[in-house]
Amino acid sequence: MLAEQKGGLIAGMVVGLLWSASKVTVPKLTSLAVDRAILGDGSLVFWSSLIGVMAVVAGTFTAWRRWFAFRESRLTETKLREQLFAHIMRLHVAYHDHTQTGQLMSRASSDLLQIQGFVVMIPITASNLAMVSAIVVILFVQQPLLALVALAPLPFLNVLATRFSRRIHPAVLAVQQEQAQLATVVEESVSGVRVIKGFGAHEVTAARLRTEADDIRNVSVQAAKVRSAFLPALDLLPNLGLLAVLALGGHMVLDGDMSRGQMLEFMQYIGLLIFPLRNLGMTVAFGQRAAAALLRVDEVLSTAPAVADAASPRTLPGDAPVGAVEFDHVSFGYSADAPVLRDFHLSIPPGASVAVVGATGGGKSTVARLLIRFYDVTEGVIRVDGVDIRDLRLSELRREVSVVFEDTFLFHDSVGANVAFARPDASAADVEAAARLSGAHDFIASLPEGYDTVIGERGYSLSGGQRQRIALARAILANPRVLILDDATSAVDPSKEHEIREAMRTVMDGRTTIVIAHRPGTIALADTVVLLDEGGVAATGTHDELLATNERYREVLAALMDDDDIDAEVSG
Amino acid sequence: MWASGAISDEDKLDRAETGKVLRRSLHFAEPYRRTIYWAVGLVCVSTAATVAGPVFVKFGLDHGIGESSARALNIAVVAYLVTVAIGYVVGRLQYLAINRAGEGFLRDLRIAVFDRLQAQSMAFFDRNKAGVLVSRMTADIESMGELIQWGLLQFVAAGLLLVMTIILMAVMSWQLTLMVLLFVAPVLGFASVRFQRQSNAAYLDVRERVGTNLGNLQEGITGVRVIQAYGREAEQHRRFVSSNRALYASHLRSVRVSTWYFGLVEWAGITSIALVIGVGGFLVHHGSVDFGTVAAFVLLLANLFEPVQQLSQLYNTVQSAAASLHKLYGLMDAEPDVAEHPRPVELPAEGELVAHGVTFTYDGTERPALHDVSISVRPGERLALVGPTGAGKSTLAKLLSRLYDPTSGHVSYGDVDVRLVSLASLRQRVVVVPQEGFLFGGTIRDNIRIARPGATDAEVADALEAIGVLERFEEFAEGLDTEVRERGSRLSAGERQLVSLARAALVDPAVLVLDEATSNLDPGTEAIVERALERLMEGRAVIVVAHRLSTVRRADRIGVIDHARLVELGTHDELLAQGGRYAALAEAWARSQPTV
Ligand SMILES: Nc1ncnc2c1ncn2[C@@H]1O[C@H](COP(=O)(O)OP(=O)(O)OP(=O)(O)O)[C@@H](O)[C@H]1O
Ligand SMILES: Nc1ncnc2c1ncn2[C@@H]1O[C@H](COP(=O)(O)OP(=O)(O)OP(=O)(O)O)[C@@H](O)[C@H]1O
Ligand SMILES: [Mg+2]
Ligand SMILES: [Mg+2]
Chain E
6 MLAEQKGGLI
16 AGMVVGLLWS
26 ASKVTVPKLT
36 SLAVDRAILG
46 DGSLVFWSSL
56 IGVMAVVAGT
66 FTAWRRWFAF
76 RESRLTETKL
86 REQLFAHIMR
96 LHVAYHDHTQ
106 TGQLMSRASS
116 DLLQIQGFVV
126 MIPITASNLA
136 MVSAIVVILF
146 VQQPLLALVA
156 LAPLPFLNVL
166 ATRFSRRIHP
176 AVLAVQQEQA
186 QLATVVEESV
196 SGVRVIKGFG
206 AHEVTAARLR
216 TEADDIRNVS
226 VQAAKVRSAF
236 LPALDLLPNL
246 GLLAVLALGG
256 HMVLDGDMSR
266 GQMLEFMQYI
276 GLLIFPLRNL
286 GMTVAFGQRA
296 AAALLRVDEV
306 LSTAPAVADA
316 ASPRTLPGDA
326 PVGAVEFDHV
336 SFGYSADAPV
346 LRDFHLSIPP
356 GASVAVVGAT
366 GGGKSTVARL
376 LIRFYDVTEG
386 VIRVDGVDIR
396 DLRLSELRRE
406 VSVVFEDTFL
416 FHDSVGANVA
426 FARPDASAAD
436 VEAAARLSGA
446 HDFIASLPEG
456 YDTVIGERGY
466 SLSGGQRQRI
476 ALARAILANP
486 RVLILDDATS
496 AVDPSKEHEI
506 REAMRTVMDG
516 RTTIVIAHRP
526 GTIALADTVV
536 LLDEGGVAAT
546 GTHDELLATN
556 ERYREVLAAL
566 MDDDDIDAEV
576 SG
Chain L
236 MWASGAISDE
246 DKLDRAETGK
256 VLRRSLHFAE
266 PYRRTIYWAV
276 GLVCVSTAAT
286 VAGPVFVKFG
296 LDHGIGESSA
306 RALNIAVVAY
316 LVTVAIGYVV
326 GRLQYLAINR
336 AGEGFLRDLR
346 IAVFDRLQAQ
356 SMAFFDRNKA
366 GVLVSRMTAD
376 IESMGELIQW
386 GLLQFVAAGL
396 LLVMTIILMA
406 VMSWQLTLMV
416 LLFVAPVLGF
426 ASVRFQRQSN
436 AAYLDVRERV
446 GTNLGNLQEG
456 ITGVRVIQAY
466 GREAEQHRRF
476 VSSNRALYAS
486 HLRSVRVSTW
496 YFGLVEWAGI
506 TSIALVIGVG
516 GFLVHHGSVD
526 FGTVAAFVLL
536 LANLFEPVQQ
546 LSQLYNTVQS
556 AAASLHKLYG
566 LMDAEPDVAE
576 HPRPVELPAE
586 GELVAHGVTF
596 TYDGTERPAL
606 HDVSISVRPG
616 ERLALVGPTG
626 AGKSTLAKLL
636 SRLYDPTSGH
646 VSYGDVDVRL
656 VSLASLRQRV
666 VVVPQEGFLF
676 GGTIRDNIRI
686 ARPGATDAEV
696 ADALEAIGVL
706 ERFEEFAEGL
716 DTEVRERGSR
726 LSAGERQLVS
736 LARAALVDPA
746 VLVLDEATSN
756 LDPGTEAIVE
766 RALERLMEGR
776 AVIVVAHRLS
786 TVRRADRIGV
796 IDHARLVELG
806 THDELLAQGG
816 RYAALAEAWA
826 RSQPTV
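First to last, the protein sequences are chains E and L.
Terminal number for the first sequence in the numbering used here: 577, no gaps in between.
Terminal number for the second sequence in the numbering used here: 831, no gaps in between.
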């Protein structure tokens, strides 16, 4: 990463060196001016003009040094963030299951800022170091003893600054953690406001917030204690250097061992040293923080996506008929001790449609997720058109297999862009056609700006059914070989169901479709019905066959139960 | 290294408002008043100590070296040592004092703003993006925290240092002071004003782009499943890069502004040394000042330039903190549009929930989502609402539970207008399980307990048992202590709904509103849950929004909503006999019902 920016960093260093040279010259010139022109009889105009010229040089280099340092550090930050984003997009779903959004957000924002804050100091510190060394040399050459005494406290400055950074680091981290926790409480309270209001649960969240606010205060005061123990001492040390110059140097001047100009020069040099030396300590502090941040960022970047393209991917056969799907004795569980699917075996011929029916939490959505490789099976093989899906490129698999998820996620964008999500280049006519098929066109057309209406976060300014229909249109426009509808019409009203069914027949015509549904009307869309129970296929047949023959199927669909049975079950 | 702030024109506070913000803050900081006085006193002392240093150097140079008096020199050294020590001790104390007061202030502010935020209406949350509200509570307050840690101290100290330095210079040599000020004041004044203005504009731009970029980042992360499912990773990345690069460009613009300014200040600083040497040397030659003064001036110049630089950087930050405070106070002052009546009454123990000709239009839309709807539900009655997507069912449910107030018409319970009722008693007795169920990060138990914070573990388990689903959650490896993770992603869609429903079973409402709260359940489980709720809610009113005949048919009365109007209302049989919309609906259902 930094290698690409070598040019910029070197330029920054060179400018920095010139800057330190110009800075070091000023006290020297001052001293000469004092001794030659004020106390001696040299030309005042000449010497002060010389300093004036140096002012222009130093000003120019100060500006340049800053420019290079910040430009490069911002560039590093920018590039790292892009790398991080790209990687997050590629990371497997199981990773995201376990990682909070807030965590990833802070990787890509505050952690990167800390890295940026350090990178900016690289060239600046380098030039500071150059200046410090130059000054130390000058001082020692002129008055070794005085230099020794004056500089004696300064190494302590560095030691102190380093120790400070070690102590403040965990304190700052704790503050950040508490802040993140507070942010989570606020975020959830705002996003979950419907539930909180619905149940009048303000006090719960208010109590949580109070705890977090207290925690933040406590750790912040703790951090302040560390600062108070070190920062004033950091101010104190260089002053001791000045004091030594005054005491020892004063006597040397009195004894005639040193000129007054030199004395002033000395004090100016010590003054010049204060900031860079303190800065050095800060750089160490920032360096440690940045290293910790970099470690956290790297932890994300070095997590290899568990679900990735095969080394030598195969492609799907192109010649019709396409869309054969086979779950070949598949087993899977989100964790090893809780299998969800056990020896699940299902094969769907090209173009056929299958309804998957099963109890809540039975594993229906899991089947859908496995087919687009959100997770990899633990045993068995899933094949599309005869190819193990692990041998396919992910992009190809997911282009040919589309899922309409049970929870609808829409983007904060126009309705049209949401429908055209899978194919941003789709023509307006195609978008409209897909929306018509999903039954969304009518209400979209009545929105204030039609397809250009921008919808709220997560689409919350639409009704539940409207959101589902847009998600359906999105999948239809993707035009996949295999379409999976995961309870995708639960919020669609039955009066429109037959319309949708007509439309769906068009969509499903010649396309392999897996319908996960609870409503008989939707189940009837499919040629065959599969009952998913106990992690496997418990029965296969048409809806009517299963109703007639399978007890469990009737139970799941509540078909045969009358009220008394259910009451018995509740109390039993 | 900290971000300097900025404010936009609309944020800009005039003097009166600044005064108001200040007074309000002082009032808010009342509990910390003593600490604050103490801190201010300490800052003054420590600044004085900083300024005193060069004075003693001058004294030492003039009287010690100039008059060849070792005693004077020693006095100067000791005095210097003492001030340095005082500076150290006071410095420590001042850090602690300022942070104690500041962090306490921020804690109170966080709590006050959050309480106020929660009191706001649903319409408020529709209007304001979640990200903005969150950043108000986090970034805005945190940046004030930085101001407290570094800025405020620096601001006060820099101001004092500047003033004291100028006074000191004037006392030592008015001629040199005049000369320095004649050069420095116009140059720095002009540059600082320009810098402050430019950096303000640049920073505003940066802030806006940071916001956009973070928004894109967040949407990318929360939408990652959809993005991957549709293979749009590359496209999403491309979009992100474009907003990220825009941010970079904007950062560079802001760096450019500070670049010229810092260069200029450096130039002015050294140039004034040249002037002091030149003019001061001239004056020394003429005997009107002594050499020590010139030396002290050279050393003091640093005390002049550093604070100016700091002040101009801090100026924006302090202003933007004032603007943030102003916004936060604005938030705290905003009267919630669904507000509690000043003298609220308790919700009557029992009664009929009635909508009297309510009409409602969402903010930012033109067409009403509900038009002149009158409907009622009695204790013990079960009312079902059906109708096509987007008809207004959820909207009616929200109005009945006063998540919104109608644009015209009103809602009453037991003949009392719900706007007169205390919100606490209303929310306790009229409970909504919303269509967008929401699980918080935490365990299953925590999530259910949201409905009644005091509930014991046993009561939570009982709530699940009451709706007949306890067993399935107990089967999880960690039982009810299973972490549901962000938004409940550890659970299946149906399981999430069961958790939401169990919340309702934990409380004892007079009216329960279920907005498609069982839509993801398999019909078998759904029937069990509904029966259970029916028994739990015996004698109470239940309003269900549903799309399934099984649910609807069990209701005492059914309201059909279409295009924002209540078009039919009656029992299942009445409506069937009417042969209208509901009859058509029921027929459609019947056709697709199991035939056994
Ligand atoms: N927060 C909102 N802001 C603006 N418009 C909204 C908002 N919520 C809903 N609407 C609009 O108001 C109308 C009624 O929505 P409502 O949610 O009441 O429908 P619904 O009958 O519940 O539909 P569904 O069966 O799909 O849930 C819709 O056109 C919808 O787009
Ligand atoms: N990300 C996950 N991590 C761990 N367990 C999970 C995860 N997602 C689902 N589960 C568990 O796996 C089981 C199957 O879940 P799945 O979502 O496939 O059910 P489903 O049949 O789709 O149910 P529903 O009809 O409620 O949507 C459930 O018991 C659920 O708790
Ligand atoms: Mg599911
Ligand atoms: Mg609704």
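A virtual CB, placed ideally from N, CA and C, is assigned to each residue, including glycine.
- Across the set L:Met-404, L:Gly-627, L:Ile-610, the C-alpha of L:Met-404 shows the shortest separation from the C-alpha of L:Leu-416.
- In this structure, the alpha-carbon of L:Gly-326 lies about 47 angstroms from that of L:Ser-356.
- Nearest to E:Val-520 by alpha-carbon distance, out of E:Glu-539, E:Val-164, E:His-548, is E:His-548.
- In terms of beta-carbon proximity, E:Met-94 lines the interface with chain L, with at least one pair separated by less than 7 angstroms.
- E:Gly-57 has a beta carbon lying within less than 7 angstroms of a beta carbon in chain L.
- The three-state reading of DSSP puts L:Glu-765 in helix, counting H, G and I together.
- By the rule that beta-carbons nearer than 7 angstroms mark a contact, E:Ala-229 touches chain L.
- Per the coordinates, the alpha-carbon of E:Ala-364 lies some 11 angstroms from the alpha-carbon of E:Arg-559.
- Here L:Ser-647 is near L:Val-589, since their CB atoms are less than 7 angstroms apart.
- Separation of E:Leu-156 and E:Ile-129 (C-alpha to C-alpha, rounded to the nearest whole angstrom) is 22 angstroms.
- Per the DSSP secondary-structure output, E:Glu-331 pairs in a beta bridge with E:Ser-352, E:Arg-388.
- Of E:Met-509, E:Ala-249, E:Thr-458, the smallest CA-CA separation from L:Thr-600 is found for E:Thr-458.
- Taken in chain order, the members of the region 459–483 of chain L whose beta-carbon sits within less than 8 angstroms of a beta-carbon on chain E are Val-459, Arg-460, Val-461, Ile-462, Gln-463, Ala-464, Tyr-465, Gly-466, Arg-467, Glu-468, Glu-470, Gln-471, His-472, Phe-475, Val-476, Asn-479, Arg-480, Leu-482, Tyr-483.
- Contact annotation, L:Val-777 with L:Val-621: C-beta distance approximately 15 angstroms; criterion of less than 8 angstroms not satisfied.
- Ranked by Cα distance from E:Tyr-380, the options E:Thr-81, E:Val-29, E:His-92, E:Asp-102 are led by E:Asp-102.
- Across the region 396–424 of chain E, CB contacts with chain L closer than 8 angstroms involve Leu-399, Ser-400, Arg-403, Arg-404, Ser-407, Val-408, Phe-410, Glu-411, Asp-412, Phe-414, Phe-416, His-417, in sequence order along the chain.
- Collapsing the DSSP output to three states places L:Gly-627 in coil.
- Per DSSP, the continuous beta strand (DSSP E) segment holding E:Ser-358 begins and ends at 358–363.
- Contacts with chain L (Cβ-Cβ distance below 8 angstroms) from the region 240–267 of chain E involve Asp-240, Leu-241, Asn-244, Leu-245, Leu-247, Leu-248, Leu-251, Ala-252, Gly-255, His-256, Val-258, Leu-259, Arg-265, listed in chain order.
- For E:Ser-466, the shortest C-beta to heavy atom distance toward ligand 4 is 6 angstroms or greater.
- The continuous alpha helix (DSSP H) containing E:Glu-183 extends over residues 158–196.
- In this structure E:Ile-460 touches E:Asn-423 by the C-beta definition: roughly 7 angstroms separates them, less than 8 angstroms.
- Using beta-carbon distances, E:Glu-183 does not count as an interface residue toward chain L, since no partner is under 7 angstroms.
- Its chain contains Ala-42 as the residues whose beta carbon lies nearer than 7 angstroms to that of E:Ser-48, once the 5 sequence neighbours on both sides are disregarded; these appear in chain order.
- The three-state reading of DSSP puts L:His-591 in strand, counting E and B together.
- Distance from the CA atom of L:Tyr-272 to the CA atom of L:Ser-281, rounded to whole angstroms, is 14 angstroms.
- Checking the 6 angstroms criterion, the Cβ of L:Asp-607 is out of range of every heavy atom belonging to ligand 1.
- Of the residues E:Thr-30, E:Arg-70, E:Phe-90, the one whose Cα lies closest to the Cα of E:Ile-140 is E:Thr-30.
- With a threshold of 16 other beta carbon atoms within 10 Å, E:Leu-248 meets it and is buried.
- Contact residues of the region 499–511 of chain L toward chain E are Leu-499, Val-500, Glu-501, Trp-502, Ala-503, Gly-504, Ile-505, Thr-506, Ser-507, Ile-508, Ala-509, Leu-510, Val-511 (C-beta to C-beta distance below 9 angstroms).
- Classified as exposed, L:Gly-565 has fewer than 16 neighbouring CB atoms from the shown chains inside 10 Å of its CB.
- Set against 6 angstroms, the gap from the CB of L:Ser-629 to the closest heavy atom of ligand 4 is smaller.
- Near ligand 2, meaning a beta-carbon closer than 6 angstroms to one of its heavy atoms, we find E:Asp-102, E:Tyr-339, E:Val-345, E:Gly-363, E:Thr-365, E:Gly-366, E:Gly-367, E:Gly-368, E:Lys-369, E:Ser-370, E:Thr-371, E:Glu-411, L:Ser-724, L:Arg-725, L:Leu-726, L:Ser-727, L:Ala-728, L:Gly-729, L:Glu-730, L:Asn-755.
- The CB of L:Gly-615 never comes closer than 7 angstroms to any CB in chain E; the least such distance is about 18 angstroms.
- Per the C-alpha coordinates, the member of L:His-486, L:Glu-470, L:Pro-421 positioned closest to L:Asn-435 is L:His-486.
- Contact of E:Gly-203 with chain L is assigned, a C-beta pair being separated by under 7 angstroms.
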